[in-house]
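Trainee: Here's a structure for you.
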Amino acid sequence: MTANSRLIEQDLAAVWHPCTQMKDHEWLPMIPIWRGQGVWLEDYDGNRYLDAISSWWVNLFGHSHPYINKAIKQQLDTLEHVLLAGFTHEPIINLSQRLIKLAPQGLTRCFYADNGSSAVEIALKMSFHYFHNQGQTQKTKFICLSNSYHGETLGALAVGDVALYKETYAPLLMQAITVESPDCFMRDPDSSCREHSIAKFNIMRTTLEQHAHEVCAVIVEPIVQCASGMRMYDPVYLKLLRNACDEFGVQLIVDEVATGFGRTGSLFACEQANITPDYLCLGKGLTGGYLPLSVVMTKEVIYQAFYADFKTLKAFLHSHSYTGNPLACAAANATLDLLEQTPALAHNAHLSKHMHDTIEPLRDHPHVAEIRQRGMILAIEMVKDKQTREPYPWQERRGLRVYEYGLKHQMLLRPLGNVIYFMPPYVITDDEIDLMIKVAIEGINEATA
Ligand SMILES: *Cc1c(COP(=O)(O)O)cnc(C)c1O
């Protein structure tokens, strides 16, 4: 019995894994990892896997980065945790000051949680509560985009639109107003992504006209709708949305849990539309992929709407036990150091270009409908029919075949349905990109044969 197989047996007897039909593991290998180094993960039998998806989009500078390791160890020797109500600590003060400097202009307040879904819950509650505190109690609804994803807790699920995760729980969820996404995969072949995004904005505008009186906020993933298959749209949509929200007295929640910290080419995707949302949700890459931490950044006027004598009961009394954990803040501060002190974003521009050039041979593939990219996110849409774009039936699980092929060839390429994508750590090399893309192409050939 190998070290792997012993651990797999023990795991499958005790652990219930996330986002998994556990029965799949009767034939799909579970991979026990004992260490990570840079872009590489290694299992107990000595097999290596290139983490092409940054362990679900959290990792920025590779696994076990010496600088981040050191920062966490130093913090560990002084303070592991203290409650954040009534108490504070330097790591969270530093982090907040730095985020305020880095984020779009006007976001001056940081409210923390420990995962992206919770950040979304906070933004939704804050937006509702903001209007409530102003006496606008008729505002109780939220607008979201089709194909959107904002997390798995009930509030976040309610403003998402990925049927696979949402449908079962529909009876439990608040009703959101879902507006057709500007997703450029759906555009006419003779219109540009920008034209398509502008045209689709009409639907959002009409919805705002009709519902503004009862709507607290619109929530969007900026530019890339990640979990629904890395569907992309033009930043112009965000610009139009910001203006319309102002016009109709509706707030804007931008969920950058996945797109934040350089993934789309700029530090935040919002920057590409030059907008400031009312709430900016950050998570995932915030700690470089080390520890769970998320934050909602908001504006001073919103903060002030809660600032009053206690007996007015205007305070935002939301909390999580581990809010503002110092170890997580230390990891986040070290991650910001790396983003600020290394030419990470400029280097990413090079890596993005290299991914773009290397994937070229796949463009003419008979089962690839589109290859789309924004910065460090590159996605390949596999279809049954290239001309009509008829998708493969989901039951065939073609993406999973690419995943299996990848695992046998040193590659962690966990797909989203029939979409294969790369979202690698920023420390990947050109040679590693070549390997990643070579294995993906082989895997796609095999899965579509
Ligand atoms: C992953 C994700 C979330 C949820 O974050 P968790 O930390 O998994 O709860 C929310 N929004 C977006 C856009 C995400 O990609």
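Residue numbers (this note's numbering): 1 to 449. C-beta: ideal position from N, C-alpha, C; glycine also. Note that the structure is predicted; figures quoted are calculated from it, not measured.
1. Where does Gly-285 land, buried or exposed, given buried means 16+ other C-beta within 10 angstroms?
2. Taking Leu-102 as the reference, give the member of Arg-363, His-347, Asn-333, Lys-408 with the closest Cα.
3. Could you compute how far the alpha carbon of Lys-23 sits from the alpha carbon of Trp-16?
4. Check this for me: beta carbons of Val-250 and Leu-280, under 8 Å apart or not?
5. Out of curiosity, what's the CA-to-CA distance linking Thr-429 and Thr-312?
6. Flag Ser-117 as yes when its Cβ comes closer than 7 Å to any non-hydrogen atom of ligand 1, and as no otherwise.
7. Give the straight-line distance between the Cα atoms of Ile-377 and Met-230, rounded to the nearest whole angstrom.
8. For Asn-4, which residues in the same chain have their Cβ closer than 7 Å to its Cβ, ignoring the five residues on either side in sequence?
9. Distance, Cα to Cα, Arg-389 vs Gly-417?
10. Would the beta-carbon of Thr-331 fall within 8 Å of that of Ile-68?
11. Could you name the residues of the same chain whose beta carbon sits closer than 7 Å to that of Val-427, not counting the 5 residues immediately before and after it, in chain order?
12. Answer with buried or exposed for Glu-80, where buried requires no fewer than 16 other C-beta atoms within 10 angstroms of its C-beta.
13. On the DSSP letters alone, give me the boundaries of the alpha helix (DSSP H) that Lys-70 sits inside.
14. Verify the contact flag: Val-159, CB atom, against every heavy atom of ligand 1, threshold strictly below 7 Å.
15. Which stretch, first to last residue, makes up the alpha helix (DSSP H) that contains Gly-36?
16. Which of helix, strand or coil does DSSP assign to Val-439?
17. Check this for me: beta carbons of Met-204 and Leu-241, under 8 Å apart or not?
18. Does the beta-carbon distance from Asp-51 to Pro-361 come in below 8 Å?
19. Please say whether Lys-125 and His-211 have beta carbons closer to each other than 8 Å?
20. Using 7 Å as the cut-off, classify the Cβ of Asp-255 as near or not near the heavy atoms of ligand 1, replying yes or no.
21. Leaving out the 5 sequence neighbours to the left and right, which residues in its chain are closer than 7 Å to Pro-235 when beta-carbon positions are compared?
22. For a test of the three-state rule: what should DSSP assign to Trp-27, helix, strand or coil?
23. Rounded to whole angstroms, how far is the Cβ of Thr-259 from the Cβ of Thr-335, which I believe are closer than 8 Å?
24. What's the call for Ile-441, buried or exposed, on a 16-neighbour Cβ count within 10 Å?
25. Quick one: using the 10 Å Cβ neighbour count with 16 as the cut-off for buried, is Gln-21 buried or exposed?
26. From Ser-181 to Lys-200, what distance separates their C-alpha atoms?
27. Taking 7 Å as the line, does the beta carbon of Cys-226 fall inside it for any heavy atom of ligand 1?
28. Helix, strand or coil: which one does DSSP assign to Ile-221?
29. Assign Ala-123 to one of two classes, buried (16 or more other C-beta atoms within 10 Å of its C-beta) or exposed (fewer than that).
30. State yes or no: is the C-beta of Val-120 nearer than 7 Å to some heavy atom of ligand 1?
31. Less than 7 Å separating the Cβ of Ala-258 from some heavy atom of ligand 1?
32. What alpha helix (DSSP H) runs, 4 residues minimum, are completely inside the stretch 373-440?
33. Is the Cβ-Cβ distance between Cys-216 and Ser-148 less than 8 Å?
34. Whole angstroms is fine: what's the gap from Ala-176's alpha carbon to Asn-115's?
35. Which value, in whole angstroms, describes the spacing of the CA atoms of Trp-394 and Val-383?
36. Please classify Ser-96 as buried or exposed, where buried requires at least 16 neighbouring CB atoms within 10 angstroms.
Mentor: The structure says:
1. As a working note, residue 285 is residue 285 in the sequence shown. Buried, since its Cβ has 16 or more Cβ neighbours within 10 Å.
2. Working through the sequence shown from its first residue, we reach residue 102 at position 102. Looking at the Cα atoms, Asn-333 is the closest of the given residues.
3. Here residue 23 refers to the residue found at position 23 when the sequence shown is read from its first residue. Here residue 16 refers to the residue found at position 16 when the sequence shown is read from its first residue. Lys-23 and Trp-16: Cα-Cα distance of roughly 11 Å.
4. Locating residue 250 in the sequence shown gives position 250, where the first residue counts as 1. Locating residue 280 in the sequence shown gives position 280, where the first residue counts as 1. Taking 8 Å as the Cβ cut-off, Val-250 and Leu-280 do not qualify as a contacting pair.
5. In the sequence shown, residue 429 corresponds to position 429, counting from 1. In the sequence shown, residue 312 corresponds to position 312, counting from 1. Whole-angstrom Cα-Cα distance: 56 Å.
6. Translated into positions along the sequence shown, residue 117 becomes position 117. Under cutoff, so the answer is yes.
7. Stepping through the sequence shown from its first residue, residue 377 is reached at position 377. Stepping through the sequence shown from its first residue, residue 230 is reached at position 230. Going by the C-alpha atoms only, they are around 8 Å apart.
8. Position 4 of the sequence shown holds residue 4. The beta carbon of Asn-4 sits closer than 7 Å to the beta carbons of Pro-32, Asp-43, Tyr-44, Asp-45 from its chain, once the five residues preceding and following it are set aside; these are given in chain order.
9. The sequence position of residue 389 within the sequence shown is 389, counting from 1. The sequence position of residue 417 within the sequence shown is 417, counting from 1. Going from the Cα of Arg-389 to the Cα of Gly-417 covers about 15 Å.
10. As a position in the sequence shown, residue 331 is number 331, starting the count at 1. As a position in the sequence shown, residue 68 is number 68, starting the count at 1. Sequence check: residue 331 is Ala here, not Thr. Yes.
11. One-based indexing of the sequence shown puts residue 427 at position 427. Counting only Cβ-Cβ distances below 7 Å, and skipping sequence neighbours, we find Gly-38, Val-39, Phe-61, Gly-62.
12. Within the sequence shown, the letter at position 80 stands for residue 80. Exposed.
13. Within the sequence shown, the letter at position 70 stands for residue 70. 66-76 is the extent of the alpha helix (DSSP H) around Lys-70.
14. What you label residue 159 is simply residue 159 of the sequence shown in a count that begins at 1. No; taking the cut-off as 7 Å, the Cβ of Val-159 has no heavy atom of ligand 1 nearer than that.
15. As a first step, residue 36 is located in the sequence shown; it is residue number 36 there, counting from the start. Per DSSP, Gly-36 belongs to no alpha helix (DSSP H); it is in the beta strand (DSSP E), 33-37.
16. Locating residue 439 in the sequence shown gives position 439, where the first residue counts as 1. Helix.
17. Taking the sequence shown and counting its residues from 1, the one referred to as residue 204 is at position 204. Taking the sequence shown and counting its residues from 1, the one referred to as residue 241 is at position 241. Taking 8 Å as the Cβ cut-off, Met-204 and Leu-241 qualify as a contacting pair.
18. Against the sequence shown, residue 51 aligns to sequence position 51. Against the sequence shown, residue 361 aligns to sequence position 361. The criterion of a C-beta distance shorter than 8 Å is not satisfied by Asp-51 and Pro-361.
19. Within the sequence shown, numbered from 1, the residue matching residue 211 stands at position 211. Within the sequence shown, numbered from 1, the residue matching residue 125 stands at position 125. No, the Cβ-Cβ distance between His-211 and Lys-125 is not below 8 Å.
20. Within the sequence shown, residue 255 is the residue found at index 255, counting from 1. Result yes, Cβ under 7 Å from ligand 1.
21. Position 235 of the sequence shown, counted from the start, is the residue given in the question as residue 235. Excluding sequence neighbours, Pro-235 sits near Ile-223, Gln-272, Ala-273.
22. Numbered from its first residue, the sequence shown carries residue 27 at position 27. Reduced to three states, the DSSP call for Trp-27 is coil.
23. Position 259 of the sequence shown, counting from 1, holds the residue named residue 259. Position 335 of the sequence shown, counting from 1, holds the residue named residue 335. Thr-259 to Thr-335, Cβ: 16 Å. No contact.
24. Locating residue 441 in the sequence shown gives position 441, where the first residue counts as 1. It counts as buried.
25. As a position in the sequence shown, residue 21 is number 21, starting the count at 1. Burial call: exposed.
26. Translated into the one-based positions of the sequence shown, residue 181 becomes position 181. Translated into the one-based positions of the sequence shown, residue 200 becomes position 200. If you take the alpha carbons of Ser-181 and Lys-200, they lie about 7 Å apart.
27. Numbered from its first residue, the sequence shown carries residue 226 at position 226. Correct: Cys-226 has its Cβ closer than 7 Å to ligand 1.
28. For the purposes of this step, residue 221 is taken as the residue at position 221 of the sequence shown. According to the sequence shown, residue 221 is Glu rather than Ile. The answer is coil: DSSP assigns Glu-221 none of H, G, I, E or B.
29. The residue you call residue 123 lines up with position 123 of the sequence shown. Ala-123 is buried by the Cβ-count criterion.
30. By one-based count along the sequence shown, residue 120 stands at place 120. Yes, the Cβ of Val-120 comes within 7 Å of a heavy atom of ligand 1.
31. Indexing the sequence shown from 1 puts residue 258 at position 258. Flag set: Cβ of Ala-258 near ligand 1.
32. 398-408
33. If you number the sequence shown from 1, residue 216 lands on position 216. If you number the sequence shown from 1, residue 148 lands on position 148. Taking 8 Å as the cut-off, the Cβ atoms of Cys-216 and Ser-148 do not count as close.
34. As a position in the sequence shown, residue 176 is number 176, starting the count at 1. As a position in the sequence shown, residue 115 is number 115, starting the count at 1. Computed Cα separation, rounded: 22 Å.
35. Translated into the one-based positions of the sequence shown, residue 394 becomes position 394. Translated into the one-based positions of the sequence shown, residue 383 becomes position 383. Trp-394 and Val-383: Cα-Cα distance of roughly 11 Å.
36. Counting from one through the sequence shown, the residue named residue 96 turns up at place 96. That one is buried.
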